[in-house]
Amino acid sequence: MANADIRLIPCRSDNYAVLLHDPDGGTTVLVDAPEAAPIAAVLDETGWSLSHILITHHHPDHVEGIAELKARDGATVIGPHNEASRIDGLDELLSDGDSATIGAWGVRAIETPGHTSGPLSYWFPDLGVAFTGDTLFALGCGRLFEGDAATMWASLATLRQVLPDDTRIYCGHEYTQKNAEFATSVDPDNRVLADRRSAVEAARSRGEPTVPSTMAEEKATNPFLRADDPALAAQIGLDGEPPEAVFKELRARRDTF
8 MANADIRLIP
18 CRSDNYAVLL
28 HDPDGGTTVL
38 VDAPEAAPIA
48 AVLDETGWSL
58 SHILITHHHP
68 DHVEGIAELK
78 ARDGATVIGP
88 HNEASRIDGL
98 DELLSDGDSA
108 TIGAWGVRAI
118 ETPGHTSGPL
128 SYWFPDLGVA
138 FTGDTLFALG
148 CGRLFEGDAA
158 TMWASLATLR
168 QVLPDDTRIY
178 CGHEYTQKNA
188 EFATSVDPDN
198 RVLADRRSAV
208 EAARSRGEPT
218 VPSTMAEEKA
228 TNPFLRADDP
238 ALAAQIGLDG
248 EPPEAVFKEL
258 RARRDTF
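The opening position of the sequence shown corresponds to residue 8 in the working numbering, with each subsequent residue numbered one higher.
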């Protein structure tokens, strides 16, 4: 059975990078490179040698550490084909639906446009983890910088359909407490959400991360994954409207929350 030691690494003001290490084969994969120093510190502490870097999308706060970290151990850098022209240092490209083998692990690339034009989410089925960058957040989703509401809704619906409920979701930022406040503003009668918000607030008060979550938690409490739920549509005054319209309204409200 596949095995991994997974380390969540806070970077910058609210970013996360993630290291996955195979204790048997030695493969060490970094997902996103917001900045080099805190990632290098964990590599120094553990003695791991970085073999691969997976990049979700081109934004600076996900790629600025690539050059330094690649040079450190000669890691192979893998990223989205549809954003390759905007990411320096890529060695291999993946497109939607591509599968790759990294050490002992299988990885599936899922293109999830909306936040940017061609980002990838990475699913490690044998490990039960997925890395969704700035597409699916804990209790939220990314802003629509390069896509429209219909595009982002389709991406989120794909993740909801493809990823099993017990998949641990690692997103790119610690935005969960604010997302929880917004979610309860549009879904005030959701008791599961209320309980999750309390747990999130308690974790943050202790200085603990709220990442990862699970796909089951997101399905039950993340309003952006429930734009096709008639009860939620009615709650925000869009009874009978299509999911794309409901999602668009939710995203617009979150943008100004």
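Beta carbons: idealized from backbone N, C-alpha and C, even for Gly. Predicted model only: the values in this text are computed from it and were never measured.
Given this structure, state the Cα-to-Cα distance separating residue i from residue j, to the nearest angstrom.
| i | j | result |
| --- | --- | --- |
| Ala43 | Cys18 | 9 Å |
| Leu101 | Leu127 | 8 Å |
| Gly147 | Ile243 | 16 Å |
| Asp245 | Val253 | Residue identity differs from the one stated: residue 245 is Leu in this sequence, not Asp. If I take the Cα positions, the gap works out to 7 Å. |
| Asp194 | Leu239 | 7 Å |
| Thr142 | Gly54 | 32 Å |
| Trp112 | Leu134 | 8 Å |
| Pro237 | Glu248 | 9 Å |
| Ser58 | Glu208 | 36 Å |
| Arg258 | Thr35 | 36 Å |
| Gly96 | Ala201 | 43 Å |
| Glu256 | Asp80 | 46 Å |
Counting C-beta neighbours from all protein chains within 10 Å, is the total for residue i 16 or more, i.e. buried, or is it exposed?
| i | result |
| --- | --- |
| Glu52 | exposed |
| Asp172 | exposed |
| Phe152 | exposed |
| Gly214 | exposed |
| Arg198 | exposed |
| Thr263 | exposed |
| Gly149 | buried |
| Ala137 | buried |
| Pro67 | exposed |
I think residue i touches residue j, with their Cβ atoms under 8 Å apart; what is that distance to the nearest whole Å?
| i | j | result |
| --- | --- | --- |
| Thr183 | Thr158 | Actually they are not in contact, since the Cβ atoms of Thr183 and Thr158 sit about 24 Å apart, beyond 8 Å. |
| Glu118 | Asp98 | Not confirmed; about 19 Å, so no contact. |
Spell out the partners DSSP gives residue i in its beta bridges.
| i | result |
| --- | --- |
| Phe144 | Gly147 |
| Asp12 | His28 |
| Asn280 | The question about residue 280 has no answer here: the residues shown for the chain are numbered 8 through 264. |
| Ser220 | Ile176 |
| Ile62 | Its beta-bridge partners do not exist; DSSP assigns none. |
| Pro35 | Per the sequence presented here, residue 35 reads as Thr, with Pro not at that position. In the DSSP output, where bridge partners are listed per residue, Thr35 has His28. |
Output yes if chain D places a C-beta closer than 8 Å to the C-beta of residue i; else output no.
| i | result |
| --- | --- |
| Leu57 | In summary, chain D is missing from the structure at hand, where a single protein chain is found. |
In chain order, which alpha helix (DSSP H) runs of at least 4 residues are fully inside the stretch 69-140? 73-80
Extract the residue ranges of the alpha helix (DSSP H) inside the stretch 188-236, only unbroken runs of 4 or more that lie entirely within it. 198-212 and 222-228
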